[in-house]
Structures are given as C-alpha cells and as structure tokens.
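Heads up: the sequence lines are chains A and B, in that order. Those letters in the first sequence? Residues 946 to 1192, per the working numbering, in order. Those letters in the second sequence? Residues 5 to 229, per the working numbering, in order. By construction, the Cβ of each residue, glycine as well, lies at the ideal position given by its N, Cα and C atoms. Worksheet for the structure shown next.
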Amino acid sequence: MKRRSVLAGLTALLSGGCSKLAETGPMSSLLASAEDWNRGLHDLMGRERGALAREFAPDDISPTFRGNGSVDPQEPDYVRHATAGFADWRLAVTGLVTTPLSLSLAELKAMPQRTQITRHDCVEGWSAIGQWKGPQLSLLLERAGLQEQARFIVFRCADKLGGSQYYESVDLLDAFHPQTIVAHELNGEPLPVKNGAPLRMRIERQLGYKHAKYLTGIEAVASLDDIAGGKGGYWEDRGNYQWYAGI
Amino acid sequence: MKRHALGTRLWHWVNLICLVVLFMSGLNISNAHPRLYWGHWGFAPEDAWLHITRFPGWATIPGYYSLASARLWHFLFAWPFAIGLLLFMIGSLANRHFSRDLVTRRSEWRWSAIKADIAKHLKLDFEHAGSKFNFLQKLAYGVVIFILLPLMIFTGLAMSPAMDANWPWLVDMFGGRQSARSIHFLVAWALAGFLVLHIALVLLSGPIGQLRDMITGGAKMEDQP
C-alpha cells in the first residue's frame, strides 16, 4: 500500500509538473510544433503525391455508422430544411473564386459522382466503415475558378455546437485530392441527419472532425487568421486540437 | 572500455523520459474512448473485447482530462522516442554492443542452462562471469528493444489515417486500425510491466552502484574474449 502511494505520488508530481510546464511559452510552442513535423513528414511520404486512402469492399461496411458531435441540429433554419426533406438546400461556393456558385442538391447530383468505401477515424479512437457518394470537391472548385491567392478551403456548416457555428478548413493538397468529395449518400441512402444530412465533406486522410457536416458553404481564402478563432476549425479554436489531423 | 557506453547511457535516460510521458499521456488519450476492438472498425460497446477503466488524473499527462493536450504531449515525445531508438540501434551495431552483449549463444538456450539461470535469479544471485548479461537479461532486453519498442512505433503509425494512405501494408500487417490500437495498448502495459521488473531488479542488485554506472559509465571493464 505504501509503495503504491509512493508511485501515485511520483506520477502525480509528473502529471502536475507537465500540466504547469505546458502553460509556459516555450513548452507550449514546442508542443504545438510537432504538428508541423508530422505534416512535413506525411507530405514527403505520400501526401504530396496524392496517396489514396484505403478503399474497402462492400462486405467490410460496418453494420451502423456512429454519429458524433452534432447529431440533431436544432437551429430553426436547419429544422425547416429537414422538415421539407432538404428540397431547397443550397451549397454556396464563394470567396477567392472567379465565378461564385450556388448549387442545389439536384445540380450536385447531376455532376460526375465518386463512390468510395472508406474508414472513418474519430480523434477519440473509434472507427467505422461506410460507402460515400458525391461529386469531387475539385470539380466544384474548377467550375468556380480558384483565384491565385487562394490557399485554404473553408467549410461552412448549419449546425452550432455549444452556441458556436461549426466550421472546418483544409489546404489545397487535400481540397484537390481525388477522394475529397461532397457526400450526399451514405451506404446507398441519402445522408441521415446524425451523419450530416444533406451534405458533408469527406477528407479521407484526416480525422473525423475535419469532415464538416450539414454543409452550407465552401469558401476559398488566402488566410485562416480572420475566421472565427483564427485556427481554422471549431475544435482547433477550442482547446489544442491540431489543424492538421492526419494523425 | 566503460561498463556502459556513452550512447547507451544517453539513450537509456532519454528513452525513460519519453516512455513515461508517452505512457501517461497515452492513458489520458485512452480515457477519450476506453474500449478496444479487433479488426478495421469498432465503436459500439457490444463490439469491444475490452472495456478499459478510466485512468485518474494523477496517472495522466496532463493531470486532467484533455484529449487535445494529451495528443500534443504524445506526438511531441514520439519523435525523440522513435529517433532515439533508431540511433541507439545503429550505434549498438557499430560499437558491437548488440553482438557482444545481447546475442545469445546456443548453449544458453539449453533448458538446463535456463533452469540454472532462473534458480540463480530466485536466490537473488546476480554474479555472472564471462558475459555482461545473463540469459534472462539478454532475453528481456532483446524482447524490449527489438520487439516491444518497435511495435509501439509501428502500431502508433498505423493509427494515423494519413500514414495508412502512405503505407497501406503497415495497417494491414496488424489486421486493421482497431487491432493496431489494441496492440498499442497491450504493448504499452507490457513495457510498464518491464519497467517495474527492471526497477525491482536494480533495487535488489545494489541500486546505488547501478544508478551511478548508468550515469557515469562505471568502472572500466576488461575486454571480453
């Protein structure tokens, strides 16, 4: 018993010390820098050559697909659309583009479609496998015409979490990746509300919080600094979630 | 030459710090979803093969539940952990630490020799002439250095969706991302078990001298034949 409390005391000292250390400037910037090292390594190893995420066989699809974060948005606008079966839902493509777009679901479905069975990995640790269908984001961006200054693509969402609007962003490497699609179907059915109806992003080489749900807008920007908390996403603005979520 | 080479000592202490921070931040990460599965996918309680206990704040880094902050600690210390192991391996091949001290001889694998080694251990007799390590030590260090530590790195990498796109064979080798996550957890506890045993044996075999030698390098040893 005594030995156990000595061990507990030692680890408590360590965990308390580390928590304090993390609040100092140098340590917190060192902790943050590993994100750039990881992204740099991943860029070299395959991200830049557009390595594809594994695609699975229909037999591998998990029996259900867990919903996480917002699973039933109560924003009045969203509820109105949901009640109407999302008939009037529109997706805006704006920002640093030559031709801003406003697309209906029918227009999105009329574009060339990509169907992919992929594994979804949550930052918490769990995974699910589902089949997604929708047009590639690159087709939308090519149609709108990206301006030269554009560096990031921001995803605008209809849902609020804890009172704040959800949003996310990726760099152009992931925006133009062939598996990055605007999905409107999961496992052959229109997206369920808990999985982001009527539209959600698939960013297959990154963790689940990058895959913005309840998508209303796609915006090309030169910098993320002036958007919401300035860190490029809802979870990135809260706590220390990394913007590059490939790990 | 000294009992422990400078590279061995440096790696030993850097590796200890890395392992402790990785283990304690790992327990914090485990608290985010305390269930383990086999295969490619898993999320529901009924699919889990293990429901993990919630680890208390005194055992985790940071000392309160924060998945985001724990991930920052985990990914920062993974770098010196992996690079350190690689450099130690290259150095130990070059200075013949592996071939001189860790490689076992055929005679050591004889059951009678193993039994004698176990009996000596139980009597807390750690004298062994002729070689730096006895058979059980070689076995324990060999398993840790060549199996458990590399497994931690590779199962860790296999949990990254970007790495799975870059190196699909890696996650397949473990039978899926959730299997890799389960193995990562099991091997982490195996290493924690090794640490406890290692410290216990240091305490039983003259801890002051052992610690001193692992810091200063210890007395010069005669070259082994």
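Extent of the continuous beta strand (DSSP E) to which B/H16 belongs
Note, B/H16: premise wrong, no beta strand (DSSP E); alpha helix (DSSP H) at 10-36.
Rounding to the nearest angstrom, what Cα-Cα distance links A/D1116 and B/L208 in this structure?
Separation of A/D1116 and B/L208 (C-alpha to C-alpha, rounded to the nearest whole angstrom) is 56 Å.
Strictly by DSSP, which residues pair up with A/V1038?
Residue pairing by DSSP puts A/V1038 in a beta bridge opposite A/L1046, A/I1163.
Using only alpha-carbon positions, find the residue among B/S103, B/L76, B/A192, B/W193 that is nearest to A/Q1187.
A/Q1187 has its Cα closest to that of B/L76, out of B/S103, B/L76, B/A192, B/W193.
Would B/A194 and B/G30 qualify as a contact pair, given that the criterion is a beta-carbon distance under 8 Å?
No; because the gap between Cβ atoms is not below 8 Å, this pair is not in contact.
With 8 Å set as the bound, which would you pick, yes or no: does the beta-carbon of A/G1193 sit closer than that to a beta-carbon of chain B?
Nothing about residue 1193 of chain A can be read from this structure; chain A reaches only from 946 to 1192.
Does DSSP put A/Q1058 in a helix, in a strand, or in coil?
Under the three-state reduction of DSSP, A/Q1058 is assigned to coil, being neither helix nor strand.
So A/R992 contacts chain B; which residues on that side make the cut at Cβ distance below 7 Å?
A166, listed in chain order.
Going along chain A, which residues have a C-beta under 8 Å from B/S24?
Before going further, note that residue 24 of chain B is Val rather than Ser in the sequence given. Simply L959.
Can you list the residues of chain A that B/F3 reaches, using a CB-CB cut of under 7 Å?
In the structure as shown, chain B begins at 5 and stops at 229. Residue 3 of chain B is therefore absent and cannot be evaluated.
Run down chain B in chain order and give the residues with a C-beta less than 8 Å from the C-beta of A/D1066.
M163, P165, R181
Compare the C-beta of B/S186 against all C-beta atoms of chain A and say whether one is closer than 8 Å.
no
Taking a Cβ distance cut-off of 7 Å, strictly less, list which residues of the segment 76-101 of chain B are near chain A, in chain order.
L76, W77, F79, L80, W83
Based on DSSP bridge pairs, tell me the residues matched to A/P1135.
Answer is A/E1130.
Identity of the residue in B/F189, B/M28, B/S73 nearest A/L975 by Cα:
B/S73
Contact check, B/P172 vs A/R1150 under 8 Å by CB: the rounded distance?
About 12 Å; that fails the 8 Å criterion.
Within the 8 Å Cβ cut-off, does A/L975 reach chain B?
yes
Outcome for B/I212 when other beta-carbon atoms lying within 10 angstroms are tallied against a minimum of 16:
exposed
Which residues of chain B have a Cβ atom closer than 8 Å to the Cβ of A/E1069, listed in chain order?
A36, H37, L71
Assuming A/C1102 and A/L1160 form a contact by the criterion Cβ under 8 Å, report the distance between their Cβ atoms to the nearest whole angstrom.
With 8 Å as the limit, A/C1102 and A/L1160 qualify as a contact, their Cβ atoms being about 6 Å apart.
Looking at the secondary structure, which residues open and close the beta strand (DSSP E) in which A/E1087 lies?
Careful: A/E1087 lies outside any beta strand (DSSP E), inside the alpha helix (DSSP H) at 1082-1089.
Smallest Cα separation from B/I33: which of B/D176, B/V200, B/G160?
Selected option, being the one with the closest Cα: B/G160.
Does the beta carbon of A/S908 come closer than 8 Å to any beta carbon on chain B?
For residue 908 of chain A there is no data in the structure shown, the boundaries of chain A being 946 and 1192.
By Cβ distance, which residues of its chain are closer than 8 Å to B/F81, with the 5 residues on each side in sequence left out?
I21, C22, V25, L26, S29
Tell me the residue span of the alpha helix (DSSP H) that contains B/W53.
Element bounds for B/W53: n/a, residue is neither H nor E.
Burial state of A/R1147, where buried means 16 or more other Cβ atoms lie within 10 Å:
buried
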